[in-house]
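Novice: First residue of the sequence shown? That's 835 in our numbering, and the numbers climb one at a time after it. For each residue, glycine too, the CB sits at the ideal point set by N, CA and C. So that we are looking at the same thing, I have put the structure below in structure tokens.
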Amino acid sequence: MEASTAGDAMTPAAVLDAMPHRPPFRFIDEILELDEDHIVAAYRFSADADFYRGHFPGNPITPGVLLLEAMAQAGVVAHGIYLLGRAAADGPPLLTLFTDATVEFTGVVRPGQRVLIRGRKLVFRRRLLRSAVDMTLEDGAVVCSGTLSGMGVPA
């Protein structure tokens with residue numbers, strides 16, 4: 835499937851609705867920017883999320899695996915849904931498989947902080963999307979960045 839064209843592009847709200855993830859495991863509150871080449875999404879980690887009780891008591895930080903999941907949901911799943919566009923709606927349902935990641939963590943996310951996730955398409959062909967993705971705090975401090983890939987396969 836090819837990328838959607840401007841005439842049949844999905845709206846950010848339609849992309850969020852098409853995502854297979856739902857709270858409490860969807861780590862995108864809103865999509866701020868979205869086009870053929872990039873996505874910018876935002877998420878606020880709830881201060882009362884249960885995982886903070888054990889990671890780490892007295893000094894809670896968001897687990898890196900959840901930061902990676904948020905990056906994948908924005909930079910691979912949501913952007914991939916947009917790129918597949920209406921062509922995906924006409925074919926068999928697709929499940930996005932996360933295939934690989936190379937990520938460097940350089941900061942932490944505390945309870946209640948909002949992050950911005952930016953993905954830039956590097957490769958998109960045959961339902962494979964490889965993106966450069968970074969996550970920052972609202973003040974611009976980089977939390978993590980890297981390259982992530984995923985592929986849509988029939989569900």
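Would you check if the stretch 974–982 and the stretch 902–921 touch, i.e. whether three or more CB-CB distances between them fall below 8 Å?
Specialist: Flag = yes, the stretch 902–921 and the stretch 974–982 touch.
Novice: Taking C-beta to C-beta, are V976 and T933 nearer than 9 Å?
Specialist: Within the sequence shown, numbered from 1, the residue matching residue 976 stands at position 142. Within the sequence shown, numbered from 1, the residue matching residue 933 stands at position 99. Their beta carbons are not under 9 Å apart, which means V976 does not touch T933 by this criterion.
Novice: Bridge partners for S979 per DSSP, in chain order?
Specialist: Position 145 of the sequence shown, counted from the first residue, corresponds to residue 979. S979 pairs with E938 and D968.
Novice: Thinking C-beta only, is A904 closer than 9 Å to I873?
Specialist: As a working mapping, residue 873 is identified with position 39 in the sequence shown. As a working mapping, residue 904 is identified with position 70 in the sequence shown. Taking 9 Å as the Cβ cut-off, I873 and A904 do not qualify as a contacting pair.
Novice: With a threshold of 16 other CB atoms inside 10 Å of the CB of S880, please say whether the residue is buried or exposed.
Specialist: One-based indexing of the sequence shown puts residue 880 at position 46. Label assigned to S880: exposed.
Novice: Under DSSP, the alpha helix (DSSP H) around G946 begins and ends at which residues?
Specialist: Position 112 of the sequence shown, counted from the start, is the residue given in the question as residue 946. Element bounds for G946: n/a, residue is neither H nor E.
Novice: Considering only residues of the same chain and omitting the five flanking positions on each side of L902, which have a CB-CB separation below 7 Å?
Specialist: Numbered from 1 along the sequence shown, position 68 holds the residue referred to as residue 902. Excluding sequence neighbours, L902 sits near A935 and V937.
Novice: Compare the beta carbon distance of V957 and Y916 with 9 Å and say whether it is the shorter of the two.
Specialist: The residue you call residue 957 lines up with position 123 of the sequence shown. The residue you call residue 916 lines up with position 82 of the sequence shown. The answer is no: Cβ separation not under 9 Å.
Novice: Comparing C-alpha positions only, which one of R860, L866 and H855 sits nearest to P846?
Specialist: One-based indexing of the sequence shown puts residue 846 at position 12. Among R860, L866 and H855, the Cα nearest to that of P846 belongs to L866.
Novice: If you run the structure through DSSP and keep just helix, strand and coil, what is P988?
Specialist: On the sequence shown, position 154 is the one that residue 988 refers to. Strand at P988.
Novice: Starting from E903, trace the alpha helix (DSSP H) in both directions and tell me its first and last residue.
Specialist: Counting from 1 along the sequence shown, the entry for residue 903 is found at position 69. First-last of the alpha helix (DSSP H) with E903: G898 to A906.
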